[in-house]
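Read the structure below first, then the notes.
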């Protein structure tokens, strides 16, 4: 790998991608944004509680990576997991119900915002401690090669995409798992969503070596830096990483340079980030940027655009109705789900 | 029938279950080429290969989490802690993910993981290799904790633990691996939640586990000669406690002593006494006696180390005192 930073352009990819796919990508990002905006509303209306970490601004990463995966592939996330779950196909109503703490939530109201899980969608969580999900993802990837080599499964290797932030890349579990995944050539993609802030800790203040993708070299896997506001650029590098993983060559580290438009959580007053910094990144809104690309290339017209917006709004409204009308868990079920025999 | 060492009994259990179910695999430090720090996985690597007997780098928290990730996606890992003390490094993954993930996910996933390895106070291994961790993990919701004490129960328990769909921690003891016993030729399993009645008696109930069971039985040899009649119960299950077996015994004896190797503070005995207080208080004719190890790190010096844990002469003295009440 040379030392120059290369940010893939989008233009070539837009021509290689079907309009159906492009619209699907747009809709997915819009769904993510709309969902998070609704969460903020619902939180301030007292429908959801605790620590809620919104994903606004980072949609290109979730959509760009996850929409390259199959249903049988795995995604492992962090506490900033709502949009990853949506991209993976977990229905908005199940996530919203979970956020409202309802029995119909994907984790039956036991998890909450930071613990979205769905076995059906191969969505492995939802973790509150940073770094904690990386070994879990590594285990899913290990299972993938085990299934192939030991259990003689002839299907293609299932890939795991593991998401985490810049702060996590100073944590031991990150390094330990980079090592093991290269050692055993695990089909895993480590996606660092470098939004440059870990709550109030600026990345350059916590990291002696701020260019995260360069750390991959020390462990022997490719480290790619990508514009985290460009969904097609992310999609492009992800496809390469998936190809590498499925062919048995092992892991890839993708560092997506992105930004969260809101505070760390709904409880964060977000006073440390300068307004100039925020404005600069807001101007690079991935959804607006992509919409513009689609318009310029005549992929989308106003009618289609309105339809997508209407559909997404309907999905979100339906999710809220579902969550509002869903029942609370019952006290008699307090100990349920502790052990397998408790079901 | 020939006698089998405890480490062989554990290996037999592992091998039998790996033969029957291809999703069962072992991971840990030096489990493969080296055959395990106490030979529990000796020769298994040659039979099952790299993926099924996986030599891990020294990264306990990460390989523990990896085991949980493999378990939630369909495999059945057995994690060996080279020494159980090393698993302090894996406390995050054991507590948050092995223990809590199933509940927090509302039952989305099951975690059929076994965590096993040698622990306890050995022979002058120094403080860090001589830890008594059973009480540390005791409060973690979602875990089952067992302790083996003989080759017979080691094999039966490990087989059951592997078959159980929940996370199970099996505490073995460094000084018990060379115990030898004849084992049944036919396959057998032992329940994970039932105590073992080692000796029936009517005068006093002695509850114990792991290495201390042997110290208790040594004390019992002397006590029987003095016409005492103790009932000895090996807990086997440290979480949940088989309070039903203790109850059956207390109905007869009305006197309870607990002999444990963990530290006194917040130990297994502390929990049992609380449970006895909750539901069996009326059966007691005297306060429950607990003999525990000292609340100190294990010292290196042999004499000091000996004074850290409970020995038969102390058990004998305590039984005499308790019976006299």
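Residue numbers (UniProt numbering), protein chains in the order written: chain W, 1 to 343; chain L, 1 to 325.
Where is the CB? At the ideal position from N, CA and C, for every residue including glycine.
Quick test of your reading: residue 228 of chain W and residue 176 of chain W, contact by CB under 8 Å. State the CB separation rounded to the nearest angstrom. Actually they do not touch by this definition, with Cβ atoms about 25 Å apart.
Consult DSSP for residue 149 of chain L and reduce its assignment to one of helix, strand or coil. coil
Distance CB(residue 250 of chain W)-CB(residue 185 of chain W) smaller than 9 Å: Contact: yes.
Chain L contacts made by the region 136 to 165 of chain W, where a contact means CB separation under 9 Å: So the list reads 136, 137, 138, 139, 140, 141, 142, 143, 144, 145, 146, 147, 149, 150, 151, 152, 158, 160, given in the order they occur along the chain.
Report the neighbours of residue 110 of chain L on chain W: residues whose CB is nearer than 7 Å to its CB, in chain order. 340
Collapsed DSSP secondary structure at residue 128 of chain W in the structure displayed: coil
Along chain L, which residues have their Cβ under 8 Å away from the Cβ of residue 129 of chain W? Residue 129 of chain W reaches chain L at 92, 96, counting residues in chain order whose Cβ is nearer than 8 Å.
For residue 140 of chain L, three-class secondary structure by DSSP: Residue 140 of chain L: coil per DSSP, three-state reduction.
Flag residue 137 of chain L as yes if its beta-carbon sits less than 9 Å from any beta-carbon of chain W, otherwise no. no
Completely contained beta strand (DSSP E) runs for the region 81 to 134 of chain L, where each covers 3 or more residues: 114 to 119
At the level of alpha carbons, what is the spacing between residue 310 of chain L and residue 292 of chain L? 7 Å
Whole angstroms is fine: what's the gap from residue 152 of chain W's alpha carbon to residue 27 of chain W's? 38 Å
Can the beta-carbon of residue 243 of chain L be found less than 9 Å from the beta-carbon of residue 284 of chain L? no
Whole angstroms are fine: how far does the CA of residue 62 of chain L sit from the CA of residue 215 of chain L? 37 Å
How big is the Cα-Cα spacing for residue 105 of chain W and residue 99 of chain W? 7 Å
Hey, could you find the ends of the beta strand (DSSP E) residue 169 of chain L is sitting in? 168 to 173
Under three-state DSSP, which class holds residue 290 of chain W? Reduced to three states, the DSSP call for residue 290 of chain W is helix.
Taking residue 178 of chain L as the reference, which of L/190, L/302, L/152, L/195 has the closest Cα? Residue 178 of chain L has its Cα closest to that of L/152, out of L/190, L/302, L/152, L/195.
Exposed or buried, what is residue 341 of chain W when buried is set at 16 or more other beta-carbons lying within 10 Å of its beta-carbon? exposed
At a CB-CB cut-off below 8 Å, which residues of chain L make contact with residue 249 of chain W? Simply none; closest approach about 17 Å.
Helix, strand or coil for residue 312 of chain L per DSSP? Three-state result, residue 312 of chain L: helix.
Applying the 10 Å Cβ sphere with the 16-neighbour rule, what's the burial state of residue 274 of chain L? exposed
Within chain W, the residues that residue 57 of chain L reaches when beta carbons sit closer than 8 Å: Neighbours of residue 57 of chain L on chain W, chain order: 176, 179, 180, 183.
As assigned by DSSP and simplified to three states, the class of residue 11 of chain W: Reliability of the predicted coordinates at residue 11 of chain W is poor, the pLDDT of 46 falling under 50, and the value obtained from them is presented with this limitation in mind. In this structure, residue 11 of chain W counts as helix in the three-state DSSP scheme.
Report yes if the CB atom of residue 134 of chain L is closer than 9 Å to the CB atom of residue 262 of chain L, and no otherwise. yes
Name, going along the chain, the residues of the region 50 to 77 of chain W whose beta-carbon falls closer than 9 Å to a beta-carbon of chain L. 74, 76
Relative to the C-alpha of residue 65 of chain L, which residue among L/223, L/317, L/97, L/150 is closest? With distances taken between Cα atoms, residue 65 of chain L lies closest to L/97.
Would you give the residue range spanned by the alpha helix (DSSP H) that residue 133 of chain W belongs to? 133 to 149
Can at least three beta-carbon pairs, one atom from the region 222 to 237 of chain L and one from the region 169 to 188 of chain L, be found at a separation below 8 Å? no
On a CA-only basis, which of L/86, L/282, L/46, L/92 is nearest residue 247 of chain L? Give me that one, please. L/282
Does residue 146 of chain L come within less than 9 Å of chain W when only Cβ atoms are used? no
Could one say the Cβ of residue 337 of chain W lies closer than 9 Å to chain L's Cβ atoms, at least one of them? yes
How would you write the range of the alpha helix (DSSP H) that residue 60 of chain L sits in, first residue to last? 60 to 72
Below 9 Å on C-beta distance, what does residue 110 of chain W contact in chain L? 103, 104, 105, 106, 107
Put residue 194 of chain W into one of helix, strand or coil per three-state DSSP. strand
For residue 272 of chain W, which of helix, strand or coil comes out of DSSP? coil
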